[in-house]
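Protein chains in written order, with my numbering: chain A, 5 to 427; chain B, 5 to 427.
We treat Cβ as the ideally placed atom computed from N, Cα and C, and that holds for glycine.
Computed from a predicted model, the values in this text were never measured in an experiment.
Only one structure is covered here, and it is reproduced in the block below.
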């Protein structure tokens, strides 16, 4: 496998994170260094949708400072989406369309920053290109706040949401400590559809026994309303206050989501909301204790103003290595993270097969929780501690608020007719 | 009025803020400097409740570094409450109890950091002491995230909640920009029972026309569901996405709270929650647009990790000046802030009568909003801009999370029988 000259496209997919742009920065800065091989680098507006719709922009015209600012800009600056490509056997037009767009623009490098659905898409595109003899190098870059990808020690995006949400729990926990005579119960909802990594990570906020959070509930451990109410009553008897963190995806013994309002998104995933509000009402009804709730929702995954530098630096390295590996001839792989030591923390990039990552889910190990299953164990602390370290340096304007980048988004001229395949 | 020797008590009341401890720090550090006059300084556990219950602790035994850390610790480190003292004519026991506790501990200085209900209590205690010939100096220190106190340019606590929430709106706004093809509408709920200062301040996040927030709704402007839905539809037609900030206290044309779930707290105030969730459901039902909501609730008022240094420094100065003024013989006043220039920003401390502050409410002037009443005007920008500047330096532990103080809380020996007046 020799030098493959051509253009590159970088796309971001799924829910944004505080550091998904750091990965894009790693891809773009490294690609720009390789200008003899990678002629142009394009961004795909709105993730994979931008490729299907041939809606690309030229990243190369942006000045270097704008590109550097990707590291201090949250969310997906290139654009994202939730757009599920179906089974290639049943829905071949979309995959063919991706290859048609790549061929029309001589795109030979596809860098896809996303979670397991995205790795599935990338894997299928890679296979189709091979079948058709179109020389293409497809590299995935791990991204998800949920931390639920297999074949990687942890996922870029997780450390930052964990640091920010744990900090908010520390702060709001002090509020409950101060106001317990009036507001004794606070319930904070954490993201996490299927796994409890984010909710559990807020356990780091508790440095001494009676601090917030007092109780943590995760999807991996079946949720019993009766036991929850007993837990709340017990902590309240002991401390006069209760601070709970609950994962949006907690399920009862029958595997049903506790959150009442459950809608289904286009991936067939349930979009959850309202479990904290539901439990707040349950607590007040059943125990008579006044309760309130915090639901940071999309604020939690974009908190660049207090993001983890460790996380951001790793996200950048994953992007950079995707380019280096692709140039070396690798395709069909995701750049993953391999931890070599907890203390002092050391971690290096590795490669995993896209197909392995595609449909696996890494659940929180039971031993990362305590015996009761309502707080974290020392094993979880050892795992998560290094991922929260350091703060991402941000830029602050004269108005005291952060300054983020805006791309010029110079469109790449279309060469194909609009896509008319089924939606 | 000469030198009045004796002890001092400092208390914090009502909802915590990110900088209420900075005011306590100003009081305590200045009081400790005046050790020849102020012999001991006590903290009241859980605000005014701690005085009624004679539940005091000795702040003087804390080391100087612990006291300095008040400036980087959110919420009310001394303890707070919502505990309404009624009309002295109808409920004289409680006021008498306060004076009894003061007399039992030779307390001659009472520093009360709080909002208008607290200033009302302080005013009444001050009058009663005068009537009974008990020499006491009562100083209020303005505190409220709501920024609704009269007789002060702005309130310590407001700048920090405004900076943090506006930042979260910027960040979550980028999320909506990236994900609009899937999640087109985001509604963020801001605190503010009666006034729109906090919700309106998030307008600072919009530096260019199409950025978040697109629409802001405040209690001062009657809320029409029909007009709201029209606004949402119009922005969505134009941009394909809508980011809304709504104050928890928005009311319809009849003056009724839009939030369905309204409970009444012990001050007779309504405890609101759920307006964002309510509007999210309304949007989806009436427009078919998918909508989600963020409700930071107690997280917003405790965000020391990205608090305003301007706000924190002013909070400290207000506390310090309360002590200096009391020592100079002043009583029955609240330390207020007087702005002398917008640009360059200059502000000094002043004094307002407690009775004036006690029951007034400063609403957001109509001219601080635009003509449509759904975003801020240049006048609001000029007002709020300087209040967000600078970041409070915090301490971060080896685990990447902030470090806050804990008082030892050495109890002051009780000298009176327990209070048995009506609750």
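Where residue i falls, given that 16 or more other Cβ within 10 Å makes a residue buried
i: residue 65 of chain A; result: exposed
i: residue 369 of chain A; result: exposed
i: residue 68 of chain A; result: exposed
i: residue 230 of chain B; result: exposed
i: residue 212 of chain B; result: exposed
i: residue 317 of chain B; result: buried
i: residue 383 of chain B; result: exposed
i: residue 176 of chain B; result: buried
i: residue 425 of chain B; result: exposed
i: residue 244 of chain A; result: exposed
i: residue 393 of chain A; result: buried
Beta-ladder partner(s) of residue i, from DSSP
i: residue 341 of chain A; result: A:353
i: residue 60 of chain A; result: A:48
i: residue 297 of chain A; result: A:191
i: residue 219 of chain A; result: A:248
i: residue 164 of chain B; result: The partner list for residue 164 of chain B (beta bridge, DSSP) is empty, contrary to what the question assumes.
i: residue 115 of chain A; result: A:14, A:143
i: residue 258 of chain A; result: None, per the DSSP bridge assignment.
i: residue 380 of chain B; result: B:373
i: residue 422 of chain A; result: None; residue 422 of chain A has no bridge partner.
i: residue 406 of chain A; result: A:400
i: residue 32 of chain B; result: According to DSSP, residue 32 of chain B bridges with nothing at all.
Contacting residues, own chain, Cβ-Cβ under 6 Å from residue i (five flanking each side not counted)
i: residue 246 of chain A; result: 189, 218, 236, 239, 240
i: residue 428 of chain B; result: In the structure as shown, chain B begins at 5 and stops at 427. Residue 428 of chain B is therefore absent and cannot be evaluated.
i: residue 155 of chain A; result: 340, 356, 360, 361
i: residue 70 of chain B; result: 409
i: residue 415 of chain A; result: 61
i: residue 97 of chain A; result: 425
Sequence-distant residues of the same chain with beta carbon closer than 7 Å to residue i, five excluded per side
i: residue 257 of chain A; result: 226, 228
i: residue 179 of chain A; result: none
i: residue 288 of chain A; result: 294, 295
i: residue 386 of chain B; result: 346
i: residue 84 of chain B; result: 16, 17, 18, 20, 50, 51
i: residue 272 of chain B; result: Low per-residue confidence applies at residue 272 of chain B: pLDDT is 48, beneath 50, and the placement is therefore not dependable enough to give any value.
i: residue 306 of chain B; result: 20, 22, 78, 79
i: residue 191 of chain B; result: 248, 250, 280, 283, 284, 295, 297
Residue i - DSSP class collapsed to helix/strand/coil
i: residue 346 of chain B; result: strand
i: residue 148 of chain A; result: coil
i: residue 395 of chain B; result: strand
i: residue 310 of chain B; result: helix
i: residue 129 of chain B; result: helix
i: residue 400 of chain A; result: strand
i: residue 412 of chain A; result: coil
i: residue 274 of chain A; result: Caution applies to residue 274 of chain A, whose pLDDT of 44 falls short of 50 and renders its modelled position unreliable; the value that the coordinates give is listed next. Residue 274 of chain A: strand per DSSP, three-state reduction.
i: residue 390 of chain B; result: helix
i: residue 227 of chain A; result: strand
i: residue 284 of chain A; result: helix
i: residue 43 of chain A; result: strand
i: residue 91 of chain A; result: coil
i: residue 186 of chain B; result: coil
i: residue 303 of chain A; result: helix
i: residue 68 of chain B; result: helix
i: residue 96 of chain A; result: helix
i: residue 265 of chain B; result: With a pLDDT of 44 at residue 265 of chain B, under the threshold of 50, the modelled position of that residue is not reliable, and the figure given next carries that caveat. Coil.
i: residue 289 of chain A; result: helix
i: residue 315 of chain B; result: helix
Residues near residue i by beta carbon distance below 8 Å, same chain, minus five either side
i: residue 270 of chain A; result: Per-residue confidence for residue 270 of chain A stands at a pLDDT of 47, beneath the threshold of 50, marking its modelled position as unreliable; the derived number appears in the next sentence. Result list for residue 270 of chain A: 86, 87, 88, in chain order.
i: residue 133 of chain A; result: 103, 106, 139, 140, 142
i: residue 395 of chain A; result: 310, 311, 312, 313
Are the region 45 to 57 of chain B and the region 104 to 112 of chain B touching by the rule of at least three beta carbon pairs closer than 8 Å?
Yes: the two stretches touch, three or more of their Cβ pairs being nearer than 8 Å.
On the three-pair Cβ rule with 8 Å, is the region 162 to 169 of chain A touching the region 130 to 143 of chain A?
No: the two stretches stay apart, fewer than three of their Cβ pairs being nearer than 8 Å.
Are the region 333 to 341 of chain A and the region 142 to 149 of chain A touching, with three or more C-beta to C-beta distances below 8 Å?
In short, these stretches touch, since the Cβ pair count reaches three.
Is the region 194 to 209 of chain A in contact with the region 370 to 390 of chain A, if contact means three or more CB pairs nearer than 8 Å?
Result yes; three or more Cβ-Cβ pairs closer than 8 Å.
Counting pairs of Cβ atoms below 8 Å between the region 407 to 421 of chain A and the region 36 to 46 of chain B, do you hit three or more?
No: fewer than three Cβ pairs fall under 8 Å.
Inter-stretch contact at 8 Å, needing at least 3 Cβ pairs: the region 315 to 329 of chain A / the region 147 to 161 of chain A:
In short, these stretches touch, since the Cβ pair count reaches three.
Pair every Cβ in the region 306 to 315 of chain B with every Cβ in the region 152 to 168 of chain B, then say whether three or more of these pairs are closer than 8 Å.
Output reads yes: the region 152 to 168 of chain B touches the region 306 to 315 of chain B.
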